[in-house]
Structure formats: C-alpha cells, structure tokens
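Numbering (this note's numbering), first residue to last: 45 to 329. Glycine included, every Cβ here is placed at the ideal spot set by N, Cα and C.
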Amino acid sequence: MSTVASPPTDTLSRLAQRAHRIRHNAITMAEVQGQGYIAQALGIADVLAVAYLHAMNVRPQEPQWEARDRFLLSVGHYAIAHYAALAEAGYFPREELVTYGCDDSRLPMSGMMSYTPGAEMSGGSIGLGLPMAVGMGLGLKRKQSASFVYTLMGDGELAEGPTWEAATSASAFKLDNIIAIVDVNGVQADGPSTVIMPTEPLVQKFEAFGFYTQRVNGNDLPAVLRAFDNARSHDKPVPRIIICDTKMGKGVDFLEAREKNHFIRLDPPEWQRAFSALNAQGSAA
Numbered sequence: 045m046s047t048v049a050s051p052p053t054d055t056l057s058r059l060a061q062r063a064h065r066i067r068h069n070a071i072t073m074a075e076v077q078g079q080g081y082i083a084q085a086l087g088i089a090d091v092l093a094v095a096y097l098h099a100m101n102v103r104p105q106e107p108q109w110e111a112r113d114r115f116l117l118s119v120g121h122y123a124i125a126h127y128a129a130l131a132e133a134g135y136f137p138r139e140e141l142v143t144y145g146c147d148d149s150r151l152p153m154s155g156m157m158s159y160t161p162g163a164e165m166s167g168g169s170i171g172l173g174l175p176m177a178v179g180m181g182l183g184l185k186r187k188q189s190a191s192f193v194y195t196l197m198g199d200g201e202l203a204e205g206p207t208w209e210a211a212t213s214a215s216a217f218k219l220d221n222i223i224a225i226v227d228v229n230g231v232q233a234d235g236p237s238t239v240i241m242p243t244e245p246l247v248q249k250f251e252a253f254g255f256y257t258q259r260v261n262g263n264d265l266p267a268v269l270r271a272f273d274n275a276r277s278h279d280k281p282v283p284r285i286i287i288c289d290t291k292m293g294k295g296v297d298f299l300e301a302r303e304k305n306h307f308i309r310l311d312p313p314e315w316q317r318a319f320s321a322l323n324a325q326g327s328a329a
C-alpha cells in the first residue's frame, strides 16, 4: 500500500478558507427558506472542500467534460451542502445561491442532475449512489478512462440493501476507480443511527467486502486530505472507501449543541447569530 506525504501548510490554509466559505454558502441558502439540512452541510464541508478543490479532476466551466471525475450525491437531502461546494468550485455564480429552493431555480431542495451544473445524479431515495457508481465505474473501464467516480453516502443509508449488493459488485469487478465516502454523523430522520439500524463495525465490514478502507475524523482537514490522496494513489485493483466521522453543525457552536438537528428551523434573528458564530470560528482558525 502506498501512502502520501503530509500536505503542505499553504494547501491546508487554502482548503480551510474554502471549507469556511462552503459553510457560509450553506447558511446563506438555508436562510432563504428559514430551514434546511444545515447541520449536515456544516459537518461535511471539510470533506467537500478537499473533494472539489483538491482531489477531483474537474472543469467547472465545462461540467460535461468527458475526462472528468464524477461525484454522485447519494444522500440527496445533502443538496444544500453540494450546492455550497459547487458554487465555491465555480460551477455557477455564488450570487445564485439565494435562489435555493425557489421557483425556477437551478438549485432545488433535493439534488437533481437535470437542473444543476455539476450534479451527476438525482437524489431522493437513499442507497442508490454506490449502485450507480458501479455502473459508471464499469462504463468508464470499458472506455479505458482514467476518471474516478466518487459517491457520498450517509451512515443511515448503509441500512439499505442495494448499498451492500453494490459493494459486492464493486469488489468482484475490481472497480479501483470508485472512491466511496461515508458521512458518519450518527443522526438520521428517525433518531440516532446507532439505534435505528446499527451498521458498525464499518471498517471491518468494508474490508471484508474487499475495499481499501480508511476511517478519519471528517473535520480534520490534514487527515481528510491524506485519505483522499491515499485513495487515489492506492496501488491495488480494489474499490476504495473513506469513512468520515463528522460533527453535525460544525463551526456554529449553538447548532453543534442542539440535540435534534437532522432538519433545522431557525427564527430570523438566529441566522445572523449563525453567521457571527461561523465567522468567529473562521477568525480563530
């Protein structure tokens, strides 16, 4: 197994700034509707910053570039986080974020590939990202393409059977062009993931399915960056997965402390409080 060197300080500083802006973008969108899956967006921002602004080979001004890496948002309700990252990466102007969830917007509340530049699948029903990644991975292999297929899943959706069927297939077909990501934040719509349908131990399970498996703190930028680089450079013909433990509401203290934060509604004055808390966190970083 090959591993990469520690990332340079200037790279980490740049990515920290971009992750901060992704969080800011997400709060901007949520304020438009007064509610949303904002805690997940804040928690996954570091991972998305590394994916879009470091690891992935993409051309934001040419979203359908044939040689691009693909990113499948399996957790469709994370669309607010995805749009925040796409805007930061340059797929569309940041000014468009304020149309989130509005009529005729290119940014619907659940991800839809027919609307949004850079979106590669339509979300809604969970558990479909890894199966779609297997299909795309096979297609790219037959084209002799060097592109990777990334898919972001939530820990709750690992209770879905198609995920594990796809894991079996990805390993059987030696799809080393798949890099799956799991956001383990411990929360799903009906309650704690560990209670509703426990799926641990994830590392041992995915290793048993033949994946090159890494588990990191998803809010530790150096660890996330190394994990992505290791996944891309791994020299065995096997699919790869990065399990990321994240903090819901990361960067906004009063949202981190909320007991119920799967879907958040805030009163108008609280949005400014959220911006202030995020900016204070960014200044301290």
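For the beta strand (DSSP E) containing Met197, name the first residue and the last one.
Val193 to Gly198
Using only the alpha-carbon positions, how far apart do Met45 and Ile285 sit?
Only weak support exists for where Met45 lies, its pLDDT of 49 falling under 50; the coordinates are left without a value.
Among residues of its own chain, excluding the 5 on either side of Leu246, which ones have a beta-carbon nearer than 6 Å to its beta-carbon?
Ile287
Any C-beta of chain D sitting closer than 9 Å to the C-beta of Glu251?
Protein chains in the displayed structure number just one, and chain D is not present.
Best match in Met176, Gly134 and Ile308 for proximity to Phe298 [C-alpha to C-alpha]:
Ile308
Inter-residue spacing [alpha-carbon to alpha-carbon] between Gly173 and Asp199
13 Å
Any chance you could list the beta strand (DSSP E) runs of at least 3 consecutive residues sitting entirely within the segment 274-313, in chain order?
284-289
Near Arg67, which residues of its chain fall below 6 Å by C-beta distance, leaving aside the five closest residues on each side in sequence?
Leu86, Ala89, Gly295 and Leu322
Taking the alpha-carbon of Arg62 as reference, which of Ala125, Leu117 and Leu196 has the nearest alpha-carbon?
Ala125
Between which two residues does the alpha helix (DSSP H) carrying Gln61 extend?
Thr53 to Gln77
Would you report the Cα separation of Asp220 and Thr55, rounded to the nearest angstrom?
26 Å
Run the CB neighbour count on Thr53, radius 10 Å, all protein chains shown included, and call it buried at 16 or more, exposed below.
exposed
Got a sec? Which residues, its chain only, sit under 7 Å from Ser154 by beta carbon, not counting five neighbours each side?
Gly120, His121, Ala123, Gly167 and Gly168
When Phe253, Lys304, Asn229 and Glu300 are compared against Pro283, the one with the closest alpha-carbon:
Phe253
Opposite Gly80 in the DSSP bridges: which residues?
Ile308
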